[in-house]
Amino acid sequence: MSAMNQQTPSLRCAVLISGGGRTLKNLLDYKSAGRLTDVCFPLVVSSSPTAAGLQYAALCNADAKVVDRKEFDSDDAFSDAIYALIEQSQCNFIVMAGFMRKLIIRPEWENKVVNIHPSLIPSFCGTGFYGKKVHQAAIDYGVKVSGCTVHFVTNEVDNGPIILQKTVPVYSDDNADSLAARVLEVEFQALPEALELIAAGRVTVDGRKTNIINLD
Ligand code: GAR
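The structure is reproduced here in structure tokens:
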């Protein structure tokens, strides 16, 4: 079993985005409200030059960088460019916040990269399941409960150890937009909560399982 960050719990996070940046904005709002005291966000990297979320980087004086996936011919080359920025900014943790591209997880980054996904993994996840498609698939399947999952990222899509999940009901008159909005509300709680647990050294990883330990 490996304990995370128990010696040096402070998280210096690179936040990876691809689009609207609501997930990033929510993290910054938490910080402004005096939460996430042991977590900082010095770097925001967008995989797209037109990502609206880039505007939020200024709110936390983060360095905002674009690593445009279209300019790279492989996931490896794309990942190299992102890791170079992360090393420059001396980040020790990576948060995927609506990041829709593949980052190769190098061995030294194992259990130091988290993602939030808008379903209860292992349902409605993996390649092709992102954004509204996830919620439409959940509605089409007829599930009565959906939610979100915060997990460590591995080199298999949406397959890493689960840190926490939160659920919401699915109603018969839901559409992808209404369900997405309900799930986003719990996403806004789940990701900061997971980061606080990790920063406090309370998340341990054992194979594909995590444990939340009590330090009292
Ligand atoms: C969030 O709902 C997030 O869970 C989802 O994209 C949205 C990002 O919104 N992520 C995925 O679907 C990852 N597979 P944002 O860009 O406005 O933060």
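227 is the number that our numbering gives the last residue of the sequence shown; the numbers go up by one with no jumps.
Cβ atoms here follow ideal geometry from the backbone N, Cα and C, with glycine treated the same way.
**Prompt:** So is Tyr47 buried or exposed if we call it buried at 16+ other beta carbons inside 10 Å?
**Reply:** It is Leu, not Tyr, that sits at residue 47 in the sequence shown. Looking at its Cβ environment, which holds 16 or more other Cβ atoms inside 10 Å, Leu47 is buried.
**Asked** Do the stretch 25–35 and the stretch 63–70 touch if we need at least three Cβ pairs shorter than 8 angstroms?
**Response** Yes: at least three Cβ pairs fall under 8 angstroms.
**Asked** Would Ile150 pass as a contact of Glu198 if the rule is Cβ separation under 7 angstroms?
**Response** Going by C-beta atoms, Ile150 is not nearer than 7 angstroms to Glu198.
**Request:** Could you check which residue in Glu82, His162, Phe140, Asp86 has the C-alpha nearest to that of Glu204?
**Result:** Of the listed residues, the one whose Cα sits closest to Glu204 is His162.
**Message:** Less than 7 angstroms between the beta carbons of Val168 and Gly137, yes or no?
**Reply:** In this structure, Val168 sits near Gly137, with a CB-CB distance shorter than 7 angstroms.
**Message:** Given this structure, state the Cα-to-Cα distance separating Val26 from Ile224, to the nearest angstrom.
**Reply:** Straight-line measurement puts the Cα of Ile224 at about 25 angstroms from the Cα of Val26.
**Asked** Which residues bound the alpha helix (DSSP H) around Gln11?
**Response** This structure gives no information on residue 11, because the portion of the chain shown stretches from 12 to 227.
**Request:** Following the continuous alpha helix (DSSP H) through Thr34, name the residue where it begins and the one where it ends.
**Result:** Counting along the chain, Thr34 sits inside the alpha helix (DSSP H) bounded by residues 33–43.
**Tyr94 beta carbon near the ligand GAR (any heavy atom closer than 6 angstroms)** = For the ligand GAR, not one heavy atom lies less than 6 angstroms from the Cβ of Tyr94.
**Request:** Please list, in chain order, all residues of the same chain as Met12 whose beta carbon is under 7 angstroms from its beta carbon, the five residues on each side excluded.
**Result:** A caution first: Met12 carries a pLDDT of 41, below 50, which makes its placement in the model unreliable, though a value can still be read off. If we look at Met12 and ignore the five residues flanking it on each side, its Cβ neighbours are Thr215, Asp217.
**Message:** Relative to the C-alpha of Leu208, which candidate in Ala191, Arg219, Leu226 has its C-alpha closest?
**Reply:** Looking at Ala191, Arg219, Leu226, the one whose alpha-carbon comes closest to that of Leu208 is Leu226.
**Message:** Out of Ala73, Gln176, Asp84, which one is the CA nearest neighbour of Pro133?
**Reply:** Comparing Cα-Cα distances from Pro133 to each of Ala73, Gln176, Asp84, the minimum goes to Gln176.
**Request:** For Phe52, collect the residues of the same chain with a Cβ closer than 6 angstroms to its Cβ; drop the 5 residues on either side in sequence, then sort them by chain order.
**Result:** The answer, listed in chain order, is Cys24, Val26, Cys71, Ala73.
**Message:** At 4 residues or longer, what runs of the alpha helix (DSSP H) sit wholly inside the stretch 100–148?
**Reply:** Fully enclosed alpha helix (DSSP H) runs of 4 or longer: not present.
**Request:** Measure the C-alpha to C-alpha separation of Asn16 and Leu206 and round it to an integer number of angstroms.
**Result:** Residue placement at Asn16 is flagged as unreliable, the pLDDT there being 40, under the threshold of 50; the coordinate-derived value follows with that caveat. Cα to Cα, Asn16 sits roughly 12 angstroms from Leu206.
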